[in-house]
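Here the structure comes first, spelled out in structure tokens, and everything after it is commentary.
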Amino acid sequence: MLKRIIASAALVCVTLLPLPAAPKEKTLYQKLGGKKAITAVVDEFVARVAADARINSFFKATASDPMRLASFKKKLVDQICEASGGPCKYMGKDMKSAHMGMGVSGSDFGALVEDLVGALDKFKVGEAEKNALLGALGPMKKDIVEK
Ligand code: HEM
């Protein structure tokens with residue numbers, strides 16, 4: 412009987428013990444290096460797009476207006492920050508409305524992704540993080556490509 416009481420008491424104690432907090436997995440946002448690193452990648456990415464003869468005609472008006480360019484970059488940073496689990500809120504248009512009527516093709520989309528990969532590689536973003544980010548942006552293709 413005493414043994415049983417001790418066993419039950421032990422069980423109650425073990426059950427009430429606070430569990431050690433499980434180590435939290437880092438978000439993609441943290442793995443990318445936070446907002447500062449994302450901003451550096453976006454700056455490099457937009458510079459590559461502006462120099463990319465395959466697609467820079469789409470961005471002529473944007474590149475020639477500093478206010479518009481700054482607003483576009485901020486939206487990209489917020490979008491990537493939010494999509495990767497960071498503390499930002501993307502306040503721009505949804506991808507379908509933002510690209511409606513532009514006539515973006517599958518190869519235009521591929522060129523832009525290449526420019527993004529170039530920017531991520533320049534900052535030595537790891538393969539896993541790069542693929543996770545591309546995986547988060549990939550599903551947007553159906554809303555952006557029109558032909
Ligand atoms: C995953 C791929 C893409 C993402 C995440 C993306 C994201 C965005 C975002 C956040 C905006 C701003 C929307 C707003 O003003 O509220 C935007 C605008 C725009 N996007 Fe994209 N985009 C993508 C692909 C493309 C492609 C492939 C092209 C053309 C080759 C393109 C051309 C443009 C242009 C010209 C604008 C207008 C910029 C301005 O407001 O001056 N985008 N995009």
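In terms of the working numbering, the sequence shown is residues 412 to 558. Heads up, the beta-carbon is just placed ideally off N, CA and C, and yes, glycines get one too.
Quick one, which of the options has its alpha-carbon nearest residue i's?
i, options, result
"Met551", "Gly497, Val528, Ala539 and Phe520", "Phe520"
"Ser518", "Ile449, Ala464 and Val452", "Ala464"
"Met513", "Val452, Ala433 and Ile555", "Ile555"
"Gly529", "Ser495, Phe470 and Val457", "Val457"
"Lys446", "Lys504, Leu548, Gly549 and Ser495", "Ser495"
"Lys558", "Leu545, Phe534, Leu544 and Met511", "Met511"
"Leu545", "Ser475, Leu439, Gly444 and Asp476", "Leu439"
"Ser516", "Pro477, Gly537 and Phe469", "Phe469"
So, at 6 angstroms on beta carbons, what are the nonlocal neighbours of residue i in its own chain, with the 5 sequence-adjacent residues on each side left out?
i, result
"Cys499", "Asp489, Cys492 and Glu493"
"Asp501", "Checking the sequence shown, residue 501 turns out to be Tyr, not Asp. Here the set comprises Asp489, Gln490 and Glu493."
"Leu527", "Phe456"
"Met506", "Met551, Asp554 and Ile555"
"Lys541", "Leu531"
Return yes when the C-beta of residue i is under 7 angstroms from any heavy atom of the ligand HEM, and no when it is not.
i, result
"Ile466", "yes"
"Met478", "no"
"Val515", "yes"
"Ala472", "yes"
"Leu548", "yes"
"Lys504", "yes"
"Gln441", "no"
"Met511", "no"
"Asp519", "yes"
What residues in its chain sit with their C-beta under 7 angstroms from that of residue i, if we drop five residues either side in the sequence?
i, result
"Ala539", "none"
"Ile466", "Val460, Asp519, Ala522 and Leu523"
"Thr473", "Arg479, Leu480 and Phe483"
"Thr450", "Val488"
So with Cβ pairs under 8 angstroms, would you call residue i a contact of chain C?
i, result
"Lys504", "Of the protein chains in the structure, only one exists, and it is not chain C."
Excluding the 5 residues flanking residue i on each side, which residues of the same chain have their C-beta closer than 8 angstroms to its C-beta?
i, result
"Gly503", "Lys486, Asp489, Gln490 and Ala509"
"Lys437", "none"
Which runs of the alpha helix (DSSP H) fall wholly inside the stretch 452–501 and span at least 4 residues, in chain order? The alpha helix (DSSP H) runs lying completely inside the stretch 452–501 and spanning 4 residues or more are 471–474 and 477–494, given in chain order.
Report the residue ranges of all alpha helix (DSSP H) runs contained in full by the stretch 499–526; include only those spanning at least 4 residues, in chain order. Restricted to the stretch 499–526, the alpha helix (DSSP H) segments that are unbroken, complete and at least 4 residues in length are 506–510, listed in chain order.
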